[in-house]
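Trainee:
Numbering (my numbering), first residue to last: 11 to 133.
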């Protein structure tokens, strides 16, 4: 049903209002994810919310000199109130690994493939 008080640009918030914190922090908004979108496209992968969030979690961990395995990525996403199942996270990590975007380290943690990291640095 049409509501004349809602914006027509697809957003739910009136113009000029803050979306708060958490998932909508500037670091994880559409503009912050643009480099991840370009990365996925360069590997021939479609952009999906779960891929964006998983890669963002790995990047955040790397910036903080931490390494994350499947459980770590899943926990980090749950801490950000992103309700993804453990199996979904595991499958996305496996797919990103098989496509060469990320690598599985000997300690069972994941990190960006050097080629993927180079693409992100150039953006």
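By construction, the Cβ of each residue, glycine as well, lies at the ideal position given by its N, Cα and C atoms.
1) From residue 102 to residue 64, what distance separates their C-alpha atoms?
2) Identify whether residue 78 lies in helix, strand or coil by the three-state DSSP scheme.
3) Could you check what DSSP says for residue 103 in three-state terms: helix, strand or coil?
4) Counting Cβ pairs, one atom from each stretch, are 3 or more of them under 8 Å apart for the segment 47 to 61 and the segment 71 to 80?
5) Between 60, 43 and 44, which has its C-alpha nearest residue 105's C-alpha?
6) Just tell me which of 108, 76, 109 and 67 has its CA closest to the CA of residue 90.
7) Just the Cα atoms here: how many angstroms apart are residue 55 and residue 112?
Mentor: Judging by the given coordinates:
1) 8 Å
2) strand
3) helix
4) no
5) 60
6) 67
7) 13 Å
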